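Inspection log for the structure reproduced underneath, given as structure tokens.
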Amino acid sequence: MMKKSISASKASLVLFLCQMISALDVPLDLSQPPTITQQSPKDYIVDPRENIVIQCEAKGKPPPSFSWTRNGTHFDIDKDAQVTMKPNSGTLVINIMNGGKAEAYEGVYQCTARNERGAAISNNIVIRPSRSPLWTKEKLEPNHVREGDSLVLHCRPPVGLPPPIIFWMDNAFQRLPQSERVSQGLNGDLYFSNVQPEDTREDYICYARFNHTQTIQQKQPISVKVFSMDSLNDTIAANLSDTDIYGAKPVTERQPILLTPTGSTSTKVELRGNVLLLECIAAGLPTPVIRWIKEGGELPANRTFFENFKKTLKIIDVSEADSGNYKCIARNILGSAHHVISVTVKAAPYWITAPRNLVLSPGEDGTLICRANGNPKPNISWLANGVPIAIAPEDPSRKVDGDTIIFSHVQERSSAVYQCNASNEYGYLLANAFVNVLAEPPRILTPANKLYQVIADSPALLDCAYFGSPKPEIEWFKGVKGSILRGDEYVFHDNGTLEIPVAQKDSTGTYTCVARNELGKIQNEVRLEVKDPTMIIKQPEYKVIQRYGQVSFECIIKHDFTLLPTVIWLKDNDELPDDERFLVGKDNLTIMNVTDKDDGTYTCIVNTTLDSVSASAVLTVVARPNPPFDLELTGQLERSVELSWIPGDENNSPITNFVIEYEDGLHEPGVWHYQTEVPGTQTTVQLKLSPYVNYSFRVIAVNEIGRSQPSEPSEQYLTKSANPDENPSNVQGIGSEPDNLVITWESLKGFQSNGPGLQYKVSWRQKDVDDEWTSVIVANVSKYIVSGTPTFVPYEIKVQALNDLGYAPEPSEVIGHSGEDLPMVAPGNVQVHVINSTLAKVHWDPVPLKSVRGHLQGYKVYYWKVQSLSRRSRRHVEKKILTFRGNKTFGMLPGLEPFSSYKLNVRVVNGKGEGPASPDKVFKTPEGVPSSPSFLKITNPTLDSLTLEWGSPTHPNGVLTSYILKFQPINNTHELGPLVEIRIPANESSLILKNLNYSTRYKFYFNAQTSVGSGSQITEEAVTIMDEVQPLYPRIRNVTTAAAETYANISWEYEGPDHANFYVEYGVAGSKEDWKKEIVNGSRSFFVLKGLTPGTAYKVRVGAEGLSGFRSSEDVFETGPAMASRQVDIATQGWFIGLMCAVALLILILLIVCFIRRNKGGKYPVKEKEDAHADPEIQPMKEDDGTFGEYSDAEDHKPLKKGSRTPSDRTVKKEDSDDSLVDYGEGVNGQFNEDGSFIGQYSGKKEKEPAEGNESSEAPSPVNAMNSFV
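Take the sequence shown: its position 382, counting from 1, is numbered 418 in the numbering used here, and each next residue is one higher.
Here's what the structure looks like:
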């Protein structure tokens, strides 16, 4: 909210009234009658210990002289040494402190100020010294009161001047607490509507404070003894029979009666403008409640207040309209009482029109008017120079007409001071007004060139205070030569002030005031500046913040640049706390680490010299509630109890619910469990209990901020023991071996035992067999094993709880089974239906349920690829598994490879494992479409020809029948021309296209075909050249790679526009993953790819940004195998040379020995292996541990096959060879999940196969040869 601290209208009114008053003043350099400027109050109560000062100040020309009367006669101050008059003043000082007595100077004093033009008089000033008498001594008897009765303790203070202020305290000077039941009346007495035992005390003390003398008088302490019925019965029980005792009446309730005022009606007279106080105090039990009404009307709004617990009605600034009958009603549950107070409002005289000073020029006319009102109507009388006008010297220019004196054709001798007296029985009014006859030319009293500054859109008041006799006429002009101001946009006041009701920026300027009468003319200039208003353009906003958080209020202002604003922050209309947590910035207030005491209203006040604006916002600090307290258990029963509590402070966030927790001190001490929760409006709850539990409870309050700390625990409550109410849950019977039954259950918790000695009775019998129940009783366990059971037969099982007091109710039976064994029979009649080249459906007959010997979980289909029909080689065995849940008899085999031979078998599965496999079933998949050609290169561009080279598809998926080549030209705007198609035999791997257009870009589309259809295509672009002219279109060619283990250096040649931005794209060869892209900095023609996987084939291509997808053809490279470590070159080390010489000598000796043995007809074991395997490509290696075998000298020259190299992680990359080491496995089967994903491992022995793939013509390095066996 935003407000202005002082409105413009109020400010202008105050200024206007001040100017009106100043305009009536006669300049002090001119002759004028006396005017009283200061005097003591009419009823003047003085401190008898201090000097008495009676004020009387006046002004006039010449300066007036002063005289006094006392009690209506002249007071000669020269004859009293204790009385002096201040110099140049009429103020009297009566010296009391030097021996004078204040009582001797009591009386009515009046001051007269006189000069040659008249005399002014003061009010009658009544001087009375204040009095603070002591209490009269009295003997106070103790008050013995029965509980529930009413009581009034009288104060009766001594009569003082002025009356004292009354209050009640105890001996420790602590105020006695008051309430609806106990309160102090207007007369100072202490009223008890009904007494209670706690009212018993001996130090009820009434104090009277006399403010004038700053003294406090104390009454003797009053003793009160309250007797309750219980104490009375105890006292007299020995003398009463049982009937008398039980017949004694308890505290009786009573309907209200009024203690004050008494009777049914009373009257009250109050004077207009005073405060009306009406009081009603009632007795009764229960304590009555007071209500006030005005008969035949409403209590005045905004002026009515209730005090003293509504026992006092207070109406401020009363008027005659407040007269009437006021009724107070006292009510409790037994009835009501009322009293009517008839109020009459009288009025001392008050002004309607007070006489005002009159300045006239010789020969002018004028009037003095004196009008007053009151109840009863006041009497008006006139005096001239302090003398009743009837006996004053006559003046032919005046005529008295009731409350008016009329003057005509006055002369200078007509100057005088006239007094008007209006009086009735409740008081009087006295006013002085002079008539001053002068002949003076105009004067302007406002300073010249005075500057006025106002805020735009607010009133501007330009002062032109003047004097002259006769009264001058006033005119206003804007500017030096401006025209006279007239019209509705200006207001001209009688005191000469010019008002501009709504000043605008264009109102700024110089204004001229001209005053003229018949004796002359004068003018004055003032300046007006109109400023922009100060505004708060970003006000503080309502904030809700959690305790210990941080909050900030904004106060962004806009103001006139010539005004200097000051910003003040208030909290609850008071200064900010002196706390370093409050940070006042240029346009904000920040509060750090907010606490509860920071809650309140924050106001930003912006002050300038001309205006003030403010805006406020409320800060609400919220927090988790305080914990509940005063937990109480009531209504304790065997199975229930009532818990009640008192909520803690909710901390400005309403409590939404209460959480009740319990602790079992008998079974789980220190562990609290959830019991229940109730809404936040509820503070009691009925709790259900279990037997044999030692309960304690605690309550947690919850609001939107969070949970409170737990309350203090309640008292403990131990419930009685009983039979168990429930049996163990989750009873199961599952065999762990083929000949046993394991019975398990969830044990009862401690509080569920209902008593000591908790045990379990475990019973079982075979289902569908007429057997008796077998039972056993166990304790402190949750499992029992029954041995010697048949394999997988159903059992009826039950577990019953018992304790020292008896059994739980009869438990329900559950069905379990003894242990399972592996299935005995394989599924039969397995059939395969090939749906397409990648999908087949398999059928089988279910096995008999008895042969399952367990819970049937489903069937597993094992299938594996035997051979690819499009290649000579056989694929390695990669067995996959699909599981089909339940008693299904068919399933789909997805993800098959086209044009391949597969085998499968089916097995039944139970909880123990798998049964025997069905005989292998062979099936073949038909041909499919091939994959895209492995690469397409375009080389040797000429004027009209291009050479195309390609690689066969990685996956032909059948017998290739041909290749399809399509191409079309691309013009300068990248539009495609007519498409040409060429069919190429399947055994070709290159083609020269002739008769092409020179300097033309072509786009090529290339794919392979089988009898099923065309495979996916590969695209490329190339440009024919123009003789001795650079190509028109950019191109990237001769992409080369140099690969290491984890990185590769890519380089290329670029032809085309300068400043091309290159990028390199790469990915694993043969992978369908998206290309990875690296940006090349600058226009370099090389780039290093890092973070590559060792021993992996990658594809790479280079492109140029902004050339519509222009990029080079693909290139394929392979990273080197992983190196165990980077070795330092030791070939030049001396110790290494010596070691090698020693090794050479040993080898020479070994060769001699071998030669001798060979001549004797011996063979090495490895030679026998090699004779059995004629494949020269197979690397000799021991099957069991992977170490080197024995070589004959005839085999030493054979190079290692490149495809045999494997990465250091012992995996085989598909891109290295069509076959891998695991392709030879025929031993342990691989395993797959239900979706066909591989979960097993490979093993087996290697078989012979024809050599395939690219063979390296280089001899293997020692490191590579070693890595191939690591």
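We put the CB at the ideal spot given by N, CA and C, even for glycine.
Note that this is a predicted model, so its numbers are computed, not measured.
Report task. Tell me, please, which residues DSSP counts as bridged to residue 643. Result -> Answer by DSSP bridge pairing, in chain order: 602 and 648.
Report task. Could you tell me whether the Cβ atoms of residue 292 and residue 366 are closer together than 8 Å? Result -> yes
Query raised in the report: Between which two residues does the alpha helix (DSSP H) containing residue 887 stretch?
Result: 885 to 888
**Report entry** DSSP-derived helix/strand/coil call for residue 1110
**Finding:** coil
**Report entry** residue 120 versus residue 111 - alpha carbon distance
**Finding:** 12 Å
Requested in this report: Please state if the CB of residue 875 and the CB of residue 897 are separated by a distance shorter than 8 Å.
Outcome: no
**Report entry** Where the beta strand (DSSP E) containing residue 490 begins and where it ends
**Finding:** Residues 486 to 491.
Query - Cβ-Cβ separation, residue 360 to residue 331 (assumed contact under 8 Å), whole Å - result: 7 Å
Requested in this report: Check whether the Cβ atoms of residue 198 and residue 166 sit closer than 8 Å, and answer yes or no.
Outcome: yes
Query raised in the report: Would DSSP call residue 681 helix, strand or coil?
Result: strand
Query raised in the report: On the premise that residue 1040 lies in contact with residue 1060, defined as a C-beta separation below 8 Å, what is that separation, rounded to the nearest angstrom?
Result: Residue 1060 to residue 1040, Cβ: 13 Å. No contact.
Report task. Take the Cβ of residue 891 as the centre, count every other Cβ of all protein chains shown within 10 Å, and call the residue buried at 16 or more, exposed below. Result -> Its Cβ having fewer than 16 others within 10 Å, residue 891 is exposed.
Query raised in the report: Between the C-alpha atoms of residue 1047 and residue 1062, what's the straight-line distance to the nearest angstrom?
Result: 41 Å
**Report entry** Start-to-end residues for the beta strand (DSSP E) that takes in residue 878
**Finding:** 875 to 881
Report task. Measure the C-alpha to C-alpha separation of residue 106 and residue 144 and round it to an integer number of angstroms. Result -> 6 Å
Requested in this report: Under 7 Å Cβ to Cβ from residue 126, same chain only, skipping five residues before and after it: list those, please.
Outcome: 92, 93, 94, 102, 147 and 149
Requested in this report: Quick one: residues in its chain with C-beta nearer than 7 Å to the C-beta of residue 901, no 5 flanking neighbours on either side, listed in chain order?
Outcome: Listed in chain order, the non-local C-beta contacts of residue 901 below 7 Å within the same chain comprise 911, 914, 933, 936 and 938, local neighbours out to five positions each way being set aside.
**Report entry** Selected residue, minimal CA-CA separation from residue 387, among 464, 424 and 356
**Finding:** Checked all of 464, 424 and 356; the closest Cα to residue 387 is 464.
Report task. Could you work out which residue in 847, 825 and 853 is closest to residue 831 when comparing CA atoms only? Result -> 853
Query raised in the report: If residue 691 and residue 663 are in contact, beta carbons under 8 Å, what's the gap, nearest whole angstrom?
Result: Residue 691 to residue 663, Cβ: 11 Å. No contact.
Report task. Using three-state DSSP, classify residue 541 as helix, strand or coil. Result -> In this structure, residue 541 counts as helix in the three-state DSSP scheme.
Report task. Leaving aside the five residues before and after residue 506 along the sequence, list all residues of the same chain whose C-beta is less than 7 Å from its C-beta, in chain order. Result -> 397, 400, 553 and 554
Requested in this report: Tell me, please, which residues DSSP counts as bridged to residue 251.
Outcome: 246
**Report entry** Inter-residue CB distance, residue 545 and residue 517 (contact presumed, cutoff 8 Å)
**Finding:** Actually they do not touch by this definition, with Cβ atoms about 12 Å apart.
Query - Three-state secondary structure (DSSP) of residue 345 - result: Residue 345 falls in the coil class under three-state DSSP.
Report task. Use the C-beta contact count for residue 549: other C-beta atoms within 10 angstroms, 16 or more gives buried, fewer gives exposed. Result -> buried
Query raised in the report: To which residues does DSSP link residue 302 through a beta bridge?
Result: 377
Query raised in the report: For residue 1034, does the three-state DSSP call read helix, strand or coil?
Result: Residue state for residue 1034 is assigned as coil, using DSSP reduced to three classes.
Query raised in the report: Which term fits residue 793, buried or exposed, when burial requires 16 or more other beta carbons within 10 angstroms of its beta carbon?
Result: exposed
Query - Start-to-end residues for the beta strand (DSSP E) that takes in residue 130 - result: 128 to 130
Query raised in the report: What does DSSP give as the partner residues of residue 805 in its beta bridges?
Result: In DSSP, residue 805 forms no bridge with anything.
Query raised in the report: Taking the C-alpha atoms as reference points, what is the distance between residue 701 and residue 188?
Result: Spanning the two alpha carbons is a distance of roughly 56 Å.
Report task. Would you kindly check if the distance between the Cβ of residue 541 and the Cβ of residue 562 is under 8 Å? Result -> no
Query raised in the report: At what residues does the beta strand (DSSP E) containing residue 147 begin and finish?
Result: Start and end: 143 to 151.
Query raised in the report: Nearest-angstrom Cα distance between residue 680 and residue 732?
Result: 13 Å
Query raised in the report: Shortest alpha-carbon distance to residue 842 belongs to which of 790, 79, 870 and 1080?
Result: 790
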